[in-house]
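Residue numbers (the numbering used here), protein chains in the order written: chain A, 1445 to 1881; chain B, 91 to 394; chain C, 4 to 297.
1) Less than 8 angstroms between CB atoms is the rule here; does residue 292(B) satisfy it with respect to chain C?
2) Can you tell me where the alpha helix (DSSP H) holding residue 1594(A) begins and where it ends?
3) Quick one: which chain C residues come within Cβ less than 9 angstroms of residue 1526(A)?
4) Find the nearest neighbour of residue 76(C) within the set 283(C), 27(C), 227(C) and 264(C), judged by alpha-carbon distance.
5) Have a look at residue 1588(A) and residue 1569(A) and give me their C-alpha separation to the nearest angstrom.
6) Which runs of the alpha helix (DSSP H), 4 residues or longer, sit entirely within the segment 1704–1769 of chain A?
7) Closer than 8 angstroms, CB to CB, is residue 1479(A) near chain C or not?
8) Confirm, please, whether the CB-CB distance from residue 1593(A) to residue 1586(A) is below 8 angstroms.
9) For residue 1476(A) and residue 1550(A), what's the separation of their Cα atoms in angstroms?
10) Against residue 309(B), what residues of chain A qualify as contacts under a CB-to-CB distance less than 8 angstroms, listed in chain order?
11) Within its chain, find whatever has a CB closer than 8 angstroms to the CB of residue 225(C); leave out the 5 residues flanking it on each side and keep chain order.
12) If you check the beta carbons only, do residue 296(B) and residue 140(B) fall under 8 angstroms apart?
13) Please state the DSSP three-state secondary structure of residue 257(C).
14) DSSP puts residue 154(B) in a beta bridge; with which residues?
15) When you compare the segment 50–70 of chain C with the segment 143–152 of chain C, are there three or more beta-carbon pairs, one atom per stretch, that lie closer than 8 angstroms?
16) Just to make sure I have the definition right: I need the residues of chain A whose C-beta is within less than 7 angstroms of the C-beta of residue 254(B). Which are they?
17) To test your reading of the DSSP string, which unbroken beta strand (DSSP E) runs of 3 or more residues are found completely within the segment 1521–1593 of chain A?
18) If you measure beta-carbon to beta-carbon, which residues of the segment 1483–1509 of chain A are closer than 7 angstroms to chain C?
19) Would you kindly report the start and end of the unbroken alpha helix (DSSP H) that includes residue 228(C)?
20) What is the residue span of the alpha helix (DSSP H) that residue 1831(A) lies within?
21) Using the rule of at least 16 other Cβ atoms within 10 Å of the residue's Cβ for burial, across every protein chain shown, is residue 232(C) buried or exposed?
22) I'd like to know if the segment 1497–1507 of chain A and the segment 1532–1539 of chain A are in contact, where contact means that at least 3 CB-CB pairs between them fall below 8 angstroms.
23) Give the DSSP-derived three-state secondary structure of residue 1804(A) in the structure shown.
24) With 16 as the cutoff for other CB atoms within 10 Å, does residue 169(B) come out buried or exposed?
25) In this structure, how does DSSP classify residue 1624(A) when only helix, strand and coil are distinguished?
26) So, is residue 1532(A) buried or exposed, given that buried needs 16 or more other C-beta atoms within 10 angstroms?
27) Of the residues that make up the segment 148–163 of chain C, which ones have a beta carbon closer than 9 angstroms to any beta carbon in chain A?
28) Taking the alpha carbon of residue 1425(A) as the reference point, which residue from 1645(A), 1541(A), 1650(A) and 1512(A) has its own alpha carbon closest?
29) Who are the near neighbours of residue 1467(A) in its chain, counting only those whose CB is closer than 6 angstroms to its CB and skipping five residues on each side?
30) Buried or exposed: which applies to residue 331(B), given that a residue is buried once 16 or more other Cβ atoms fall within 10 Å of its Cβ?
31) For residue 244(B), does the three-state DSSP call read helix, strand or coil?
32) Just reading off the alpha helix (DSSP H) that residue 82(C) is part of, what are its end residues?
33) Just to confirm, does residue 1756(A) get its C-beta within under 7 angstroms of one of the non-hydrogen atoms of the ligand COA?
34) Can you tell me whether residue 116(B) is buried or exposed, with buried defined as 16 or more other CB within 10 angstroms of its CB?
35) If we call anything under 8 angstroms between Cβ atoms a contact, is residue 1762(A) one with residue 1603(A)?
36) Answer with yes or no whether the minimum CB distance from residue 1450(A) to chain B is below 8 angstroms.
Rendered as structure tokens:
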């Protein structure tokens, strides 16, 4: 009972869908300056970008510079260093002397820290953004335990099958028209036959393969089952869950053999180097393709994961929302809030866009009609789904997702035959979790 | 006897002026305070916390859990047994292979063969490197595009075969890398010890027809008792404390779980829980054995 | 007669044996050096060269460009400086406190001497993970008490103090073992002269401790320099990281440019290698003082 996480997807999945579809036709209004009251914003602000990658840092620096140009307030930006390490140490980071503003992720990862008093309440700032912030994103950013928001949504992205159009063309394959699992297997086989990796995988970080697990689960058992499973209302030992793992095992022969030696960036590099066919991943790294060359970026495409069980079709998708949070222990909390609000505002998003950020923005003022082809496709991929999820490690308790699910999937990939033993272990671990405080 | 002792005592008591007493108190007090407050109090606190549920943030959230964390580890954490197995492998490998090799190497280099000084340095070089550097160096050897990959016929990065994540061999790979450092360490320790053994003893034993092994066992080994003790302790402690190398190679993923990493992941990671404290206590209890053994050997004379 | 024959036979046999052993040890030594040599070789080549022509290709250029780039892009110099800002005070304080403890427990016979020595030595051997979580809380708490949370957390001071607290045990142990070999008479005469405790330590004992102090300082500098765990958990700011823990981050950031990373790794290894080659004698005796005289 007490192990359950109150998921906030219910309202979000319907409203967000509206945002995605409506967004396509939405024409941006005039460039209004952000509504933040300059009277409160004082003193320099510090800002941590959740990346150590050149493109991401460049965009974060552009935000800092644009804010300085607009308000005269100094923003010191720094990279978080290794992203996984930053995420691992986030609780200690926030208890110490964190930067005022940091890039973060909506969902359990935010709500849990908010409940511990480590994050500043941003409800006022969300309110200030007014109609710039669509309802769906607000409800997605709302902490169910107090109804407040602790993150300002900035960007989001779908999880789907990524590939390079040129590669598939050369292979004579057409991923756009994979409707069923059989089609998909044929595609993987076709890719592999030509000497490429069929289904790129890099699960060193422990979370990358969760994306494949989640999508298989919603395809086979549906959205409700998936959310129930992540919240302890269904069991890992249920046959329905085991079926998902067994389906997962069918993909292993098409993966690169060193999937536990490389992380998500290793997968991205495989795709960049045209060494693999399909890759199941969120599209946040599309910026890196653009940074390499426009040609590479134009070659990139995404399609939804194929249908498996006709009862559920392709009605669900992982589309996590990223944003900025403000540390309660920061040196300049008020200034941080102002800056965070500004990042989420139209001005902030335009600054990011100008610096080469190709993301889908949460802000409704951004002109989606001018989105490039890839972004329109991303919106379409999200738009076709009825249910939107945050991603497994944001929809689930941190002390289960990171420490239990991650290693369990890694162990499964190592030895798919041990599936029964693995799910037994997962269920035991779930049952042994302490109540959430 | 008694009188001398008594007179000594009086003399000393007289010698302790107020200033001296203050000096002595500072001499002992400052280091002891630092050591106790920085090491022992946190260590004891961790032991206490291992019996609680806590996420490491607010002190008011600490809740009594009894043995629940330990119960979870022993009954619901398959990783624990994987880690225990890997630490045991590490210990066995070091005890049965790496340490004897280091001793053998020392024993042979001690024959004053030509260039022994150079060899000594060569074998010792890995020991002065940090484990972070060692991890990176071996990634250059074994990772994609590495020398070993190329020698095996996979020079292209995308065709690289998995070595660190090949679960049939990665235990040996990790232990091999760890040995690269450990063997030199043991060698140098033993070599220093051997220098204090009279070489004529060895020669005499050999002339008397003793085999090399007999000479080692009957003559050299017993003379090396203090070094043997420290080598045993280093071997055991290093096997249990292993962390840096695994962190550099596998990050916090479960590539090759060991106890030190489980403590880290559970106590420091985003899932901070006192499961980590319980892991730390288990690690502590395992380390206590060599610590007590060591202290007993070293301080036996003082106690007697 | 027979003794001489046997002796000659023995020597011949030994010579043959020595030859084989030498050959074996030489080959083994070469293998031992391969990883380091390979890393060095890698660091001299540009990344593009390896990518285009393969790992075994004849290098088109061999130079120190990677070192210059690493120096510029990786802030190696800053990290190296940080390492020494931490290591040098740590070693000085550890040796100072260690010598105080060793002095008192060996020169004065207090009842608790042995227990103190036991406590310190055992503390040195504890797994560091056992200490971490409460220490982190304590650092934040002490910081808040004085109104500066960065007093110990994310600061060189905090890092230095935890190193000193842990390493003191070893220094105390080694120096007390050494001091037991210093004749008691030296102290007796100092006491008879009416020297104060401080002068007894400073003028009589400390000068005699030169050999273990020299040895320990060399050994400990490399230990602290190589230390990894505390720097990752206690240092938040990238510009305060010592080189060893910064390498972990650089590894992630430059993962695709092996050759640059190789240059960084070699630069990180250089200080300890230099210390070792220049001060090898001190280094070795530091390791063995604790064991052979114990």
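All residues carry an ideal CB built from backbone N, CA and C; glycine is no exception.
Short version:
1) Here residue 292(B) refers to the residue found at position 202 of the second chain. So no, residue 292(B) is outside the interface.
2) Translated into the one-based positions of the first chain, residue 1594(A) becomes position 150. Note, residue 1594(A): premise wrong, no alpha helix (DSSP H); not H, not E.
3) Start at 1 with the first residue of the first chain, and residue 1526(A) comes out as number 82. Those are 251, 252, 254, 255 and 256, listed as they occur along chain C.
4) Working through the third chain from its first residue, we reach residue 76(C) at position 73. Closest by alpha carbon: 264(C).
5) By one-based count along the first chain, residue 1588(A) stands at place 144. By one-based count along the first chain, residue 1569(A) stands at place 125. Using only the alpha carbons, I get a separation of about 18 angstroms.
6) 1708–1716, 1730–1736 and 1738–1743
7) Position 35 of the first chain holds residue 1479(A). Reliability fails at residue 1479(A), whose pLDDT of 43 lies under 50, so the model's placement of it is uncertain and the value that follows must be treated cautiously. It does not: the Cβ of residue 1479(A) has no partner Cβ on chain C nearer than 8 angstroms.
8) Here residue 1586(A) corresponds to residue number 142 of the first chain, with the count starting at 1. Here residue 1593(A) corresponds to residue number 149 of the first chain, with the count starting at 1. Yes; because the gap between Cβ atoms is below 8 angstroms, this pair is in contact.
9) Taking the first chain and counting its residues from 1, the one referred to as residue 1476(A) is at position 32. Taking the first chain and counting its residues from 1, the one referred to as residue 1550(A) is at position 106. Note that residue 1476(A) scores a pLDDT of 40, beneath 50, so its modelled location is shaky and nothing firm can be said.
10) What you label residue 309(B) is simply residue 219 of the second chain in a count that begins at 1. Those within 8 angstroms of residue 309(B) in chain A number zero; the least Cβ separation is about 49 angstroms.
11) Stepping through the third chain from its first residue, residue 225(C) is reached at position 222. The residues are 275, 278, 279 and 286.
12) What you label residue 296(B) is simply residue 206 of the second chain in a count that begins at 1. What you label residue 140(B) is simply residue 50 of the second chain in a count that begins at 1. Contact: no.
13) Locating residue 257(C) in the third chain gives position 254, counting from the first residue. Residue 257(C): coil per DSSP, three-state reduction.
14) One-based indexing of the second chain puts residue 154(B) at position 64. Residue 154(B) pairs with 142(B).
15) no
16) The residue labelled residue 254(B) in the question sits at position 164 within the second chain. Neighbours of residue 254(B) on chain A, chain order: 1705.
17) 1545–1549
18) 1496
19) One-based indexing of the third chain puts residue 228(C) at position 225. Per DSSP, residue 228(C) belongs to the alpha helix (DSSP H) from 213–229.
20) Counting from 1 along the first chain, the entry for residue 1831(A) is found at position 387. No alpha helix (DSSP H) contains residue 1831(A), which is instead part of the beta strand (DSSP E) from 1831–1833.
21) Looking up residue 232(C) in the third chain gives position 229. Under this definition residue 232(C) is a buried residue.
22) no
23) As a working note, residue 1804(A) is residue 360 in the first chain. In the structure shown, residue 1804(A) sits in a strand (DSSP, three-state: E or B).
24) Working through the second chain from its first residue, we reach residue 169(B) at position 79. Classification for residue 169(B): buried.
25) Residue mapping note: residue 1624(A) aligns to position 180 of the first chain, counting from 1. Residue state, collapsed to three classes: coil.
26) Position 88 of the first chain, counted from the start, is the residue given in the question as residue 1532(A). With 16 or more other Cβ atoms within 10 Å, it is buried.
27) 152, 153, 156 and 157
28) The structure shown has nothing for residue 1425(A), since chain A only spans 1445 to 1881.
29) Translated into the one-based positions of the first chain, residue 1467(A) becomes position 23. For residue 1467(A), the predicted structure reports a pLDDT of 41, less than 50, and the residue's modelled location is therefore unreliable. A value from the coordinates is still provided. So the list reads 1812, once near-sequence residues are dropped.
30) In the second chain, the residue the question calls residue 331(B) occupies position 241. Counting Cβ neighbours within 10 Å, residue 331(B) comes out buried, since at least 16 surround it.
31) Counting from one through the second chain, the residue named residue 244(B) turns up at place 154. Note: residue 244(B) maps to coil in three-state DSSP.
32) For this step, residue 82(C) is matched to residue 79 along the third chain. Unbroken alpha helix (DSSP H) run through residue 82(C): 79–110.
33) The model depicted lacks the ligand COA and carries no ligand whatsoever.
34) Indexing the second chain from 1 puts residue 116(B) at position 26. Residue 116(B) should be labelled exposed.
35) Position 318 of the first chain holds residue 1762(A). Position 159 of the first chain holds residue 1603(A). Yes, Cβ-Cβ distance for residue 1762(A) and residue 1603(A) is below 8 angstroms.
36) As a first step, residue 1450(A) must be located in the first chain, where it is residue number 6. The predicted model places residue 1450(A) with a pLDDT of 42, which falls under 50 and marks its position as unreliable, so this point remains unresolved.
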